[in-house]
Structure formats: structure tokens, C-alpha cells
Ligand SMILES: Cc1cc2nc3c(=O)[nH]c(=O)nc-3n(C[C@H](O)[C@H](O)[C@H](O)COP(=O)(O)OP(=O)(O)OC[C@H]3O[C@@H](n4cnc5c(N)ncnc54)[C@H](O)[C@@H]3O)c2cc1C
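Residue numbers (full-length UniProt numbering): 1 to 449.
Structure follows, in C-alpha cells:
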């Protein structure tokens, strides 16, 4: 179906959690808008994650403020399909104007007049504003060191589904963040020989003194941290809600049968070469773990919280042999490794957004999501306004800020001075509103839901 050229005040691109949150705030404030989603609502939770994935945070935390999960215990970890269902239900709750199956292909600023022209897979739209809600994790990244070896199956964690998908044999999982750790654990439990390549990481306790780490990060103000501490750009976080949730301890993974190796440096003729910093990475992870316990204890003492003490949480077991005498290299064929899973993260892709909203390195340039190009907004990016920005609970608050900004801008643009008011024969308010309302009407005729 091809749509005629039409117009809307605010166009939101993407209907993941960010797009849904944005739509809720815009609806509440009466801003005419349309959300375009190229696939389905919360598509990445359905098809961009492995089968057994559950949320990393408990259901009481990893949700929006105005709706609880229907069938998930608040302290449990919602399976990924239920996370997607949650956002579908949320969008229905306020009748979000979301149109699925429409891809935004190009956005350009209009010359000599306000707003943007947007090319979509179903026609052209004009909008005064565009909110870019296309995700913090868009394009899976496999680093250039990946071997050109056709006998090896290599996939990114975004394409990993379950152990049965990989050919018989051992697996090298590269990346010690939440994805790498959970996938390595699942593969080992399915009977695979697993090597896990571990770089710099944080590994907060799943829970401490009866409170989940999400709670501790909340009360300690860590989710609200506005800037990443210097030098932490390559530090991943290793947490898991799998099997009811547990603290990620790399030693436990090793005792279970996984061979830990250092950061993967290169490949040479079928041999993987590792950095020799595995013990250091594990020790740094321990430091991070213990520092959260310290901060939690200090907070509990200062506030007189009656939470059960948990001294055993401070017992760090001895390093296993794979840490004390780490492998420097691994001949993959000899070790029976037939697959590599690259849990090496994602990049952003704004190739469709041809506006002046980027810095010289191509990174979005914005202040709390308000881009340097007036009328363009970014939402859902890591550290958009703070540490929680790319997570479920955090994006809702960023969306609120952006919606408020849009309302303020609409007010400025709806201003008419005295002579204009007289010339138009109407009040400032009614003149502004009438034009925007007619735009909504046009779009709703397209059957945006
Ligand atoms: C493995 C994994 C586990 C995670 N677990 C958690 C967790 O437990 N808790 C938590 O809070 N966070 C978690 N996150 C982080 C974050 O919540 C998710 O990445 C989440 O999907 C981000 O939501 P979003 O709406 O910002 O982006 P996305 O979910 O990526 O949604 C963006 C949407 O935009 C659409 N789109 C993209 N380009 C276009 C276009 N040009 N035109 C139209 N539509 C377009 C996509 O189809 C997609 O549906 C996890 C991330 C990963 C990778």
C-alpha cells in the first residue's frame, strides 16, 4: 500500500520500549504524533534475542511506572516474549498511534521552511519534529579480527537462538558481558565444551542483604549517574536473571566446566591468541563487586535499614587453574571448537537520518536527547541523560523530558504577535491548535493503528 504525502506534528521512528514511552508522554500532553515501526512493536525483544533470555532486572523494576507485568511475579525475571507482550499491552492501554510494518528510509530537513520530509517504505510524510527511537543496540558488531575460516560457524549473539543451532563441537564465546556469560552458561549446560573470552567487566551481586542489585543501584543513585566514569568505555556489565537469577561469578563458570580465557587478541591460521590479562580482569570484576557491597553496607548503616547481614557474600573463592595458568592461545581445530559466538556488542546506524545532528565522528550530538538540529530528538541511547537511559525504566523518564521540550517548542511556534492576531482574526491559542489538529486528522485517516 502506498500512502499519500501527509503530515504530522511529531514523528517517532521505532516502536520498541522507547517509541512506546514517547507516544505515551506525547499522548498525555496532547501532541499529535505518529509512531512508525518497520516490524512489530518491541520486535527486538521477539526476534533479536536468544530463546531462553529473561530480563536482567526483576519485573518490579524493569517496567514502566503505569503498568505491572500481568503474569510475572514482581521479583521474578520476565521471559523475553512476555517483555514484548508487555509493551504491546502498554501501547494498547492508551491507544498509541503506532503503525507497524513501515520503515523510515530517509529524513531530510526542509529547505526554507519548517520541519522535515520523511521517506518511508509506504510514502512520504512531513513532520515538524522527528524522535529517533531506533534503539541503543542496532547493528551487531563483529570485530575485524574475526578469522576468514569457512570451516568455522561464526555468529553474533544477536543471531544466537539456542545450542541446537550450532554444529556439533566446542564453542568459543567471545565477550564476558551479560550476553556472553549467559550464552556460554547455556551452551555448557547443553553439554558443549566452552571457552569464554573475558575482558574488563563489572559484576554486581544479583542480590545483597535481601535486595536486588537494581534496588541498590537505585538507592545509591548509580542509575542516575550522568556521565560514565573515565576509562570505563570498554567495561561491560555481567548480570543474569537466568534460572531465577544469580550473581555472575566467573570462577563458578570455570568450576562448572567452562574454560576462561583472556581478551581475544587475534587469530592466526586457526589459532586464537588471547591477552594475558585474564586474572587482572577477574580481579577488577571482584573489586567492582566488593565495592557495591561496601556502598550498600554504608547506605544501610547510615539510614538504619533493618536488612539481614550477609558476610558470606564477601567470600571470594580461589582462582581456578584456567585463571592462574591461562591459555595464551588455542588451536581451534585441535580443541574441537567448531563455532564462535561473538558477544561483542552493537553499533548505531543512522544512515537514514540525513540531518545536521551528528558530531565530526558521526555520533549523535544532543543534550538529554535534544539534538543540535532543532526538531530532531534522540531517545533510548546509552547514557542519553544518565546510566539508566537505555534500560526499560530509564527510557520512560527521558521520553518525558523530550515530550516536555516538544510542548515548549510548540508553544513558541504557536505564538503570534498582536498584529498577526488581528490579521488572522483569532486568538494565539486557537490559531496554533487548529492547524495541529487538522494534521492529526489527516494521519488518523490513514488508519495508523
Ligand atoms: C540481550 C539484551 C538483553 C537486554 N536486557 C535488558 C533488560 O533485561 N532490562 C532492560 O532494562 N534493558 C535490557 N536491554 C537493553 C534495552 O532495554 C533493549 O536493548 C531494548 O530493546 C531497547 O529498547 P528501544 O526501544 O530503545 O530499542 P529497540 O528495542 O531496539 O527498538 C527500536 C525499534 O526501532 C525499529 N526501527 C529501527 N530502525 C527503523 C526504521 N528506520 N524505521 C522504522 N523502524 C525502525 C526496530 O525495528 C525496533 O523495533 C537488553 C539488551 C540486549 C541486547
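All C-beta atoms in this analysis are idealised placements derived from N, C-alpha and C, irrespective of residue type, glycine included.
Quiz item: Which class does residue 90 belong to by DSSP, given the choice of helix, strand or coil?
Solution: The three-state secondary structure of residue 90, taken from DSSP, is helix.
Quiz item: What first and last residue would you give for the alpha helix (DSSP H) that runs through residue 127?
Solution: Looking at the DSSP string, residue 127 is not in any alpha helix (DSSP H); the run it does join, the beta strand (DSSP E), is 123-132.
Self-check item: Contact check, residue 413 vs residue 399, beta carbons under 8 Å
Solution: No.
Quiz item: Sorted by chain position, which residues of the same chain lie with C-beta nearer than 6 Å to residue 156's C-beta, five sequence neighbours on each side aside?
Solution: Once the five neighbours on either side are set aside, the close Cβ partners of residue 156 are 140, 142, 342.
Quiz item: Taking Cβ to Cβ, would you say residue 337 is nearer than 8 Å to residue 208?
Solution: Cβ distance not < 8 Å, so residue 337 and residue 208 don't count as in contact.
Quiz item: From residue 176 to residue 198, what does the alpha carbon distance come to, in whole angstroms?
Solution: Distance between the alpha carbons of residue 176 and residue 198 is about 5 Å.
Quiz item: By the 10 Å Cβ neighbour count, where 16 or more other Cβ atoms means buried, how is residue 22 classified, buried or exposed?
Solution: Around the CB of residue 22, 16 or more other CB atoms lie within 10 Å, so the residue is classed as buried.
Quiz prompt | Any non-hydrogen atom of ligand 3 within 7 Å of residue 358 CB | solution = This structure lacks ligand 3; its bound ligands are ligand 1.
Quiz prompt | Inter-residue spacing [alpha-carbon to alpha-carbon] between residue 480 and residue 15 | solution = No answer is possible for residue 480: it lies beyond the span of the chain, which begins at 1 and ends at 449.
Quiz item: For ligand 1, any of its heavy atoms closer than 7 Å to the Cβ of residue 165?
Solution: No, ligand 1 has no heavy atom inside 7 Å of this Cβ.
Quiz item: Any chance the CB of residue 17 is under 7 Å from a heavy atom of ligand 1?
Solution: Inclusion of residue 17 in the 7 Å shell around ligand 1 follows from its C-beta lying nearer than that to a non-hydrogen atom of the ligand.
Self-check item: Rounded separation between residue 13 and residue 374 - CA only
Solution: Approximately 17 Å between the Cα atoms of the pair.
Practice problem: Buried or exposed for residue 422, please, with buried defined as at least 16 other CB atoms from any protein chain shown within 10 angstroms of its CB. | Solution: Exposed, by the Cβ-count rule.
Practice problem: Taking only the alpha-carbon atoms, compute the straight-line gap between residue 136 and residue 424 and give it to the nearest angstrom. | Solution: Rounded to whole angstroms, residue 136 to residue 424 spans 45 Å at the Cα level.
Practice problem: Kindly list the residues whose CB is nearer than 8 Å to the CB of residue 335, restricted to its own chain and excluding five residues on each side of it in sequence; keep chain order. | Solution: Excluding residues within five positions, the ones whose Cβ falls inside 8 Å are 170, 193, 195.
Quiz item: Does the beta carbon of residue 392 fall short of 7 Å from some heavy atom of ligand 1?
Solution: Of the heavy atoms belonging to ligand 1, at least one sits nearer than 7 Å to the Cβ of residue 392.
Self-check item: residue 103 versus residue 406 - alpha carbon distance
Solution: One C-alpha to the other measures close to 23 Å.
Quiz item: In the structure shown, what three-state DSSP assignment does residue 311 receive?
Solution: In this structure, residue 311 counts as helix in the three-state DSSP scheme.
Quiz item: For residue 369 versus residue 384, is the C-beta spacing smaller than 8 Å?
Solution: The Cβ atoms of residue 369 and residue 384 sit closer than 8 Å to each other.
Exercise. Indicate the three-state DSSP secondary structure (helix, strand or coil) for residue 416 in the structure shown.
Key: Note: residue 416 maps to coil in three-state DSSP.
Quiz prompt | Entirely enclosed alpha helix (DSSP H) segments - the stretch 311-351, minimum 4 residues | solution = Qualifying alpha helix (DSSP H) stretches, in chain order: 321-324.
Practice problem: Check the DSSP bridge columns for residue 354 and list the partner residues they point to. | Solution: Note: residue 354 sits in a beta bridge opposite 108.
Exercise. Given a cut-off of 8 Å, decide if residue 225 and residue 386 are closer than it, judged by their beta-carbon atoms.
Key: Taking 8 Å as the cut-off, the beta carbon of residue 386 is found closer than this to the beta carbon of residue 225.
Quiz item: Thinking C-alpha only, which one of 237, 248, 355 is nearest residue 372?
Solution: Residue 372 has its Cα closest to that of 355, out of 237, 248, 355.
Quiz item: So, residue 115 versus residue 128, is the Cβ gap smaller than 8 Å?
Solution: In contact: residue 115 and residue 128 (Cβ atoms closer than 8 Å).
Quiz prompt | Cβ-heavy atom distance, residue 450 to ligand 1, below 7 Å | solution = Because the chain is modelled from 1 through 449, residue 450 falls outside the range shown and cannot be assessed.
Quiz item: How many Å lie between residue 89 and residue 151 at the Cα?
Solution: Rounded to whole angstroms, the gap between the alpha carbons of residue 89 and residue 151 is 44 Å.
Quiz item: Cβ of residue 119 versus every heavy atom of ligand 1: is any distance shorter than 7 Å?
Solution: Not one heavy atom of ligand 1 lies closer than 7 Å to the C-beta of residue 119.
Self-check item: Collapsed DSSP secondary structure at residue 57 in the structure displayed
Solution: Reduced to three states, the DSSP call for residue 57 is coil.
Quiz item: Mind checking whether residue 203 and residue 285 have CB atoms under 8 Å apart?
Solution: A contact, by the Cβ cut-off of 8 Å.
Quiz prompt | Separation of residue 153 from residue 173, as counted between CA atoms | solution = Answer to the nearest angstrom: the Cα atoms are 12 Å apart.
Quiz prompt | Separation of residue 59 from residue 309, as counted between CA atoms | solution = So the alpha carbons of these two residues sit roughly 25 Å apart.
Quiz item: Three-state secondary structure (DSSP) at residue 443?
Solution: Reliability of the predicted coordinates at residue 443 is poor, the pLDDT of 38 falling under 50, and the value obtained from them is presented with this limitation in mind. Residue state, collapsed to three classes: helix.
Practice problem: Look at the alpha carbon of residue 32 and the alpha carbon of residue 388, and state the distance between them as a whole number of angstroms. | Solution: Answer to the nearest angstrom: the Cα atoms are 28 Å apart.
Quiz item: Excluding the five sequence neighbours on either side, which residues of its own chain have a C-beta within less than 8 Å of the C-beta of residue 228, listed in chain order?
Solution: Hits under 8 Å: 383, 387.
Quiz item: At which residue ranges does the stretch 184-261 contain complete alpha helix (DSSP H) runs of 4 or more residues, listed in the order of the chain?
Solution: Counting whole runs of 4 or more residues, the stretch 184-261 contains the alpha helix (DSSP H) stretches 213-219, 250-256.
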